[in-house]
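Working notes, structure below.
Number of protein chains: 2
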Amino acid sequence: MKDPKTDYLTCPIRHVIGKFGDKWSLLVLYSLHTSESGVLRFNELRKHMNDCSQKMLSATLKNLERLSLIHREVYPVVPPKVEYSLTQTGLSLMPSITSLIEWAQKHFKEVIPKDVIID
Amino acid sequence: MKDPKTDYLTCPIRHVIGKFGDKWSLLVLYSLHTSESGVLRFNELRKHMNDCSQKMLSATLKNLERLSLIHREVYPVVPPKVEYSLTQTGLSLMPSITSLIEWAQKHFKEVIPKDVIID
DNA sequence: TATGGTAGTTACCAAAAAGTAGGAATTGAG
DNA sequence: CTCAATTCCTACTTTTTGGTAACTACCATA
Chain Y
0 MKDPKTDYLT
10 CPIRHVIGKF
20 GDKWSLLVLY
30 SLHTSESGVL
40 RFNELRKHMN
50 DCSQKMLSAT
60 LKNLERLSLI
70 HREVYPVVPP
80 KVEYSLTQTG
90 LSLMPSITSL
100 IEWAQKHFKE
110 VIPKDVIID
Chain H
0 MKDPKTDYLT
10 CPIRHVIGKF
20 GDKWSLLVLY
30 SLHTSESGVL
40 RFNELRKHMN
50 DCSQKMLSAT
60 LKNLERLSLI
70 HREVYPVVPP
80 KVEYSLTQTG
90 LSLMPSITSL
100 IEWAQKHFKE
110 VIPKDVIID
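Respectively, the protein sequence lines represent chains Y and H. For the first sequence, numbering that gives the first Met the number 0 gives the first residue as 0, with consecutive numbering after it. For the second sequence, numbering that gives the first Met the number 0 gives the first residue as 0, with consecutive numbering after it.
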C-alpha cells in the first residue's frame with residue numbers, strides 16, 4: 000500500500016517532470032547553454048523565447064534559481080542589470096537535455112504531429 | 000519578426016515538452032522499458048503508477064500511441080485484454096530518457112525540494 | 001518636469017489539465 | 001438472468017497554468 004505522496008518523493012521521473020517539465024524551463028537552460036558567453040540578461044532571454052511573457056520568464060527564472068540550476072547575478076546600476084548563467088549543477092544536466100533535443104530533431108520529422116492545426 | 004506559431008513548429012524543445020512533457024508519459028515509457036517482457040497491460044501499468052487515474056492513463060496511452068511511441072495490441076477475448084509495448088521509435092527515445100532519469104537520481108539529492116511540504 | 005530604459009511585480013481573467021464518479025461493452029460461468 | 005473482469009469513456013468539478021495590462025523602482029538625461 001504505497002502512499003502517493005511518498006511515491007512522488009521517491010520517483011526521479013516525477014521529480015524531473017514536476018520541477019522543470021514546464022513550458023519554458025528547458026528553453027531557458029538551452030538558451031543559456033548555447034549562448035556564446037554563457038550569460039544572458041532578462042530581455043536577451045526574452046528574445047530567445049520570443050513568445051514568453053515577462054511574468055512567465057520571471058517565474059521560470061525564479062524557479063530555476065531555487066533549484067540551483069541557474070545563477071542570478073545582480074549589478075547595482077541604473078538602469079538595472081541582471082545576468083543569468085548556468086550553475087555547475089545546471090551544466091551537468093545539459094548533456095541529457097541536448098540528447099533529448101537531438102532525438103526530437105531526428106525523429107519528429109517521422110512522427111505525424113496531428114495536434115498541429117494549420118489554419 | 001518571428002511568428003510565435005511558426006517558432007513553435009520549428010523548436011524541438013517545445014516539441015518534446017509539448018508532446019510528452021506531461022505528468023505521466025515518461026513514466027509509461029519507463030515502465031514499459033523496464034518491464035521484463037517489454038509488454039504491460041492497462042492495469043499493470045496502473046500499478047506501476049499508483050496514483051494515476053484511469054482517465055489520465057487512458058489519455059496518456061492514446062497520446063503516446065498517436066505519436067507512434069507505443070504499440071497497442073488488442074486481443075478480442077473476454078474479458079478484454081490489451082497489451083502495450085514500445086515501438087522502435089519509442090525504444091530509440093529511451094537512452095535520452097534514462098539519461099535524464101539518472102541525472103535526477105544523482106543530483107536531486109543535492110537540490111533542496113522547497114516545494115515539498117511535509118505535513 | 002517629463003522621458004527612457006531595465007527588470008521585474010501584481011491583479012485579473014481565460015484556458016488547459018487533471019481528479020471523481022459513474023456508465024458502457026463484452027460474454028462465459030453460475 | 002445476473003455477475004464478474006477488463007478496458008475504457010463521459011460529464012462534472014476543481015486545480016493549475018499561463019496570458020494581458022498596468023504598475024513599481026531606480027536614476028540619468030533632455
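All residues carry an ideal CB built from backbone N, CA and C; glycine is no exception.
query: Name the residues in the segment 67–94 of chain H whose C-beta lies less than 9 Å from a C-beta of chain Y; which are they?; result: Ser67, Leu68, Thr88, Ser91, Leu92 and Pro94
query: Which word fits Glu52 of chain H, buried or exposed, when buried means at least 16 other C-beta atoms lie within 10 angstroms of its C-beta?; result: Note that residue 52 of chain H is Ser in the sequence shown, not Glu. So Ser52 of chain H ends up on the exposed side.
query: Determine whether the Cβ of Ala58 of chain Y lies closer than 7 Å to any Cβ atom of chain H.; result: no
query: Considering only C-alpha positions, which residue in the set H:Ser98, H:Leu90, H:Trp102 and H:Cys10 is nearest to Met48 of chain Y?; result: H:Cys10
query: For Leu92 of chain H, which of H:Ile100, H:Leu68, H:Phe107 and H:Ser84 has the nearest alpha-carbon?; result: H:Leu68
query: Evaluate the contact criterion for the segment 67–86 of chain H versus the segment 81–100 of chain Y: three or more CB pairs, one atom per stretch, below 8 Å.; result: no
query: Closest to Arg13 of chain H by C-alpha separation, out of Y:Ile12, Y:Val15, Y:Gly20 and Y:His14, would be which residue?; result: Y:Gly20
query: What residue range is occupied by the uninterrupted beta strand (DSSP E) comprising Glu82 of chain H?; result: Lys80 to Leu85
query: Between the C-alpha atoms of Val27 of chain Y and Arg65 of chain Y, what's the straight-line distance to the nearest angstrom?; result: 14 Å
query: Residues of chain Y with a CB under 7 Å from the CB of Phe107 of chain H: which are they?; result: Pro11 and His14
query: Between Tyr29 of chain Y and His70 of chain H, what straight-line distance do the alpha-carbon atoms span, to the nearest angstrom?; result: 31 Å
query: Just how far apart, CA to CA, sit Tyr74 of chain Y and Ser57 of chain H?; result: 50 Å
query: Check whether the Cβ atoms of Ser24 of chain Y and Thr59 of chain Y lie closer than 7 Å to each other.; result: yes
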